[in-house]
Amino acid sequence: MAIPVEKVEVGFDISFSGAAQFFTLDDAVRGELDNTSYPLGGLQFIDVTSRVRNFAISRGRSSLFTSFPAGQLNVEFNNHDRAFDPLFTSSPYAGNIIPRREIRITTADKVQYTGWIDDWNLSYLPNGDSVAEAIAYDATSILSGQTLDASTPSEENTGARISAILDDINWSADLRNIDTGQATLGTAAIAENTNVMSYLQTVASSEPGLIFVGKQGRVNFADRLTTPTSADLVDFGGTAIPFQNLEVVYGAENLYNQVTVSRINGGTAVATDAQSISDYGTRNLNQTGLLLNSDTQIAELALFLAQRYSQPEYRFKALEVAVHKLSEAEQAEVLDLELGSICKVTFTPNNIGDPIERFVQVISINHTVNTQTHFIELGFEGLDYAALVLDDAEFGKLDSYSLSW
Numbered sequence: 132m133a134i135p136v137e138k139v140e141v142g143f144d145i146s147f148s149g150a151a152q153f154f155t156l157d158d159a160v161r162g163e164l165d166n167t168s169y170p171l172g173g174l175q176f177i178d179v180t181s182r183v184r185n186f187a188i189s190r191g192r193s194s195l196f197t198s199f200p201a202g203q204l205n206v207e208f209n210n211h212d213r214a215f216d217p218l219f220t221s222s223p224y225a226g227n228i229i230p231r232r233e234i235r236i237t238t239a240d241k242v243q244y245t246g247w248i249d250d251w252n253l254s255y256l257p258n259g260d261s262v263a264e265a266i267a268y269d270a271t272s273i274l275s276g277q278t279l280d281a282s283t284p285s286e287e288n289t290g291a292r293i294s295a296i297l298d299d300i301n302w303s304a305d306l307r308n309i310d311t312g313q314a315t316l317g318t319a320a321i322a323e324n325t326n327v328m329s330y331l332q333t334v335a336s337s338e339p340g341l342i343f344v345g346k347q348g349r350v351n352f353a354d355r356l357t358t359p360t361s362a363d364l365v366d367f368g369g370t371a372i373p374f375q376n377l378e379v380v381y382g383a384e385n386l387y388n389q390v391t392v393s394r395i396n397g398g399t400a401v402a403t404d405a406q407s408i409s410d411y412g413t414r415n416l417n418q419t420g421l422l423l424n425s426d427t428q429i430a431e432l433a434l435f436l437a438q439r440y441s442q443p444e445y446r447f448k449a450l451e452v453a454v455h456k457l458s459e460a461e462q463a464e465v466l467d468l469e470l471g472s473i474c475k476v477t478f479t480p481n482n483i484g485d486p487i488e489r490f491v492q493v494i495s496i497n498h499t500v501n502t503q504t505h506f507i508e509l510g511f512e513g514l515d516y517a518a519l520v521l522d523d524a525e526f527g528k529l530d531s532y533s534l535s536w
C-alpha cells in the first residue's frame, strides 16, 4: 500500500520557451520521429509534477436541487527558481505563465481533473521560501461565460435540446456525453444573451436529470431514466473498501411535501402530501420557469416530487477514503468513480447492533493530496427512492424500489 503515482500536467506552448526541449528537424536526438521525449512545438501537456507540493480538487454539489458549480483545482508549486514567475524570461515556461492554460491531474493513470487556470498567485516569504499557486476551474466556467443568440427552438426532448445548444456554441462532439432525455420541451423563445450554463441547467431541471462537467472535461447529461445498477457498484465498509469519517444526517434537509411546478408559457401544478404535512408541517419546494411543453408533464413532475420527498431521510451524507492506504485494486475502484456513480455503504455505529446498509449516488468528489498522502471525500445523495430495475441483483428487489414515471 502506497500513495498512487500522481501527475500534474499543464498545457504550455513550448515553442515560446527558449529553455524547452521539443522536436527539432534534422537533430540526431530531438529529430527522431515518434519519440515521446521531444514533442512537436505548440500547445503540449508538460509534466510539472516534480515541482508540486500539494493540490486539492473540489467537484460536485452539496445538496439536492442545486446546480453543479465549476469544479475547482488548487495546485501549490515550489517556485525557488522563479519558473512560474510571468516576468522571468529565463524560466523554462517563459511566456506560458498566463491565464487559460489547460491543466490536467492524473492519479495512477486515471484522469481526475481537467480544467483551465484562471489565476497564478506568487508568494515570496522572508525566509526565502517561494510558492506559486495555480487556481483552475473546469469547463463549467467556460460555459458560464458564454451567451446565446435569440432563437426559437424546436419541440424536442431534453437530450436533443442540450446537444443543439452545444452545437450553437461550437462545443466539440468529443467533449460531451448526452443521454436522450425523457421529457419533451416546448418552443419558448430563447432571449438574446441568455447564459449558456444557466439555460442548460434549466433544461436539466425540466427533465429532471443531472448536468455536469466530468473529470475528463466532457459535458455530461444523465436523464431521469439513468437507473442505478449493481454491475459497477463500488462497495465501502464491512469487508469491502475501508473508509473513515462517515457523516450521517437524518432530518428534513430533503423533505418536501408541498411542491409547486410551473412552466414558461404554461400553467402551474401543485401537489401535496397531506399526511406528511400533518406529521412534519409544510415544507415547500418551488420549481418554476421550466421548459416542458405541456401542463400534463408539470402535473406529473409535481406529483412525482411530492411522493418521492415527503418523508425524512436517514442518509449517509459523506465519507473519507485514505487512498494511500488501499490496495492497487481498491485504489482503481475509487479512482474510477465519477459524479453520478453508485456506491453501497455498510456501517455499524460503534460496532453495536446490526450493520446499516445504504445505496447512494455520488454528488461530490474532493481530493486532498500531498507528497505522502491522498485523501478523497465523497458526498452522497440517498437512493431510497430509486427506480426499480428488473433483473438487477440489488435494484430489482420488489417492494424496495419504485416504478419509473
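Position 330 of the sequence shown, counting from 1, maps to 461 under the numbering used here, and the rest follow consecutively. Even for Gly, the Cβ is constructed at its ideal location relative to N, Cα and C. Small disclaimer: the values here were computed from a predicted structure and weren't measured.
So what's Asp250 in DSSP terms, helix, strand or just coil? Residue state for Asp250 is assigned as strand, using DSSP reduced to three classes.
Over the uninterrupted alpha helix (DSSP H) stretch that includes Thr333, give me the two end residues. That run of the alpha helix (DSSP H) goes 327 to 337.
Kindly list the residues whose CB is nearer than 8 Å to the CB of Gln442, restricted to its own chain and excluding five residues on each side of it in sequence; keep chain order. Excluding residues within five positions, the ones whose Cβ falls inside 8 Å are Leu386, Ser407.
Quick check: the region 391 to 408 against the region 469 to 482, are there 3 or more CB pairs under 8 Å? By the criterion of at least three beta-carbon pairs nearer than 8 Å, the region 391 to 408 is not in contact with the region 469 to 482.
Buried or exposed for Leu256, please, with buried defined as at least 16 other CB atoms from any protein chain shown within 10 angstroms of its CB. Around the beta-carbon of Leu256, fewer than 16 other beta-carbon atoms lie within 10 Å, marking it exposed.
Any heavy atom of the ligand COA within a distance shorter than 7 Å of the CB on Pro135? As presented, the structure is devoid of all ligands, the ligand COA included, so that no description of it is given.
So, helix, strand or coil for Ser272, using DSSP? Correct three-state label for Ser272: helix.
Contact between the region 424 to 439 and the region 304 to 318 (3+ Cβ pairs under 8 Å): The region 424 to 439 vs the region 304 to 318: in contact.
Among the residues of its own chain, which have a CB less than 8 Å from the CB of Leu457, if the five just before and after it don't count? Met132, Ile372, Pro373, Val465.
As assigned by DSSP and simplified to three states, the class of Phe196: In the three-state reduction of the DSSP assignment, Phe196 falls in the coil class, being assigned neither a helical nor a strand state.
Would the beta-carbon of Ile321 fall within 8 Å of that of Ser282? With respect to Ser282, Ile321 sits close: the two C-beta atoms are nearer than 8 Å.
6 Å Cβ shell around Ile228 - same chain, five flanking residues per side excluded: For Ile228, the CB contacts under 6 Å within the same chain, skipping 5 residues up- and downstream, are Phe215, Pro217, Trp251 in chain order.
On a Cα-Cα basis, can you pick out the residue from Ser261, Asn324, Thr245 that is closest to Leu279? Checking every option, the nearest Cα to that of Leu279 belongs to Asn324.
So the candidates are Gly345, Gly369, Phe367, Leu297; which of them puts its Cα closest to the Cα of Val334? Per the Cα distances, Leu297.
Please identify the residue among Ser303, Pro486, Glu469 whose C-alpha is closest to the C-alpha of Val493. For Val493, the closest alpha carbon among the candidates Ser303, Pro486, Glu469 is that of Glu469.
Report back the beta-carbon spacing between Val242 and Gln347 to the nearest angstrom; my notes put them in contact at under 8 Å. With 8 Å as the limit, Val242 and Gln347 qualify as a contact, their Cβ atoms being about 5 Å apart.
Assign His105 to one of three DSSP states: helix, strand, or coil. There is no way to answer for residue 105, as the model of the chain reaches only from 132 to 536.
Following the continuous beta strand (DSSP E) through Val183, name the residue where it begins and the one where it ends. From DSSP, the beta strand (DSSP E) with Val183 extends over 183 to 191.
Checking the sheet assignment: what are the DSSP bridge partners for Leu421? In the DSSP output, where bridge partners are listed per residue, Leu421 has Arg394.
In terms of alpha-carbon separation, which member of Val380, Glu431, Gly382, Tyr411 lies closest to Thr399? Selected option, being the one with the closest Cα: Glu431.
Any idea what DSSP makes of Arg489, helix, strand or coil? Judged by DSSP in its simplified three-state form, Arg489 adopts strand.
Run through DSSP, which three-state label would Val179 get? In this structure, Val179 counts as coil in the three-state DSSP scheme.
Over what stretch of residues does the beta strand (DSSP E) that includes Thr237 continue unbroken? Run containing Thr237: 233 to 238, per the beta strand (DSSP E) assignment.
Whose CA, out of Leu377, Thr403, Leu514, lies closest to the CA of Ile507? Nearest in C-alpha terms to Ile507, of all of Leu377, Thr403, Leu514, is Leu377.
May I ask you to report which of helix, strand or coil DSSP gives Asn482? Helix, per DSSP.
Run through DSSP, which three-state label would Ser222 get? The three-state secondary structure of Ser222, taken from DSSP, is coil.
Residues bridged to Ser495 by DSSP? The partner list for Ser495 (beta bridge, DSSP) reads Gly191, Gly510.
Expected contact under 8 Å - CB spacing of Val206 and Glu264 to nearest Å: About 7 Å; that satisfies the 8 Å criterion.
Closer than 6 Å by C-beta to Phe199: which residues in its own chain qualify, once you throw out the five before and the five after it? Chain order, please. Within the same chain, Phe199 has close Cβ partners Arg192, Phe343.
Would Arg213 and Glu140 be called neighbours here (beta carbons separated by less than 8 Å)? Glu140 sits away from Arg213, with the two beta carbons spaced by 8 Å or more.
What does DSSP give as the partner residues of Gln389 in its beta bridges? Gln389 is bridged to Thr403, Asn415.
Who are the Cβ neighbours of Gly312 in its own chain at under 8 Å, not counting the five residues just before and after it? Once the five neighbours on either side are set aside, the close Cβ partners of Gly312 are Asn288, Thr289, Gly290, Ala291, Arg292, Ile293, Glu338, Gly340, Phe352, Asp354.
Less than 8 Å between C-beta atoms, sequence neighbours within five positions excluded: which residues of the same chain meet that for Glu286? Within the same chain, and ignoring the five residues on either side of Glu286 in sequence, the residues whose Cβ sits closer than 8 Å to its Cβ are Thr315, Leu316, Gly317, Thr318, Asn424.
Bounding residues of the alpha helix (DSSP H) (the contiguous stretch that carries Ala83): Residue 83 lies beyond the stretch modelled for the chain, which goes from 132 to 536, so this question has no answer here.
Distance between Ser275 and Ala239 (C-alpha atoms, nearest Å): Approximately 31 Å between the Cα atoms of the pair.
What span of residues does the beta strand (DSSP E) with Gln277 cover, start to end? Per DSSP, Gln277 belongs to no beta strand (DSSP E) and is neither H nor E.
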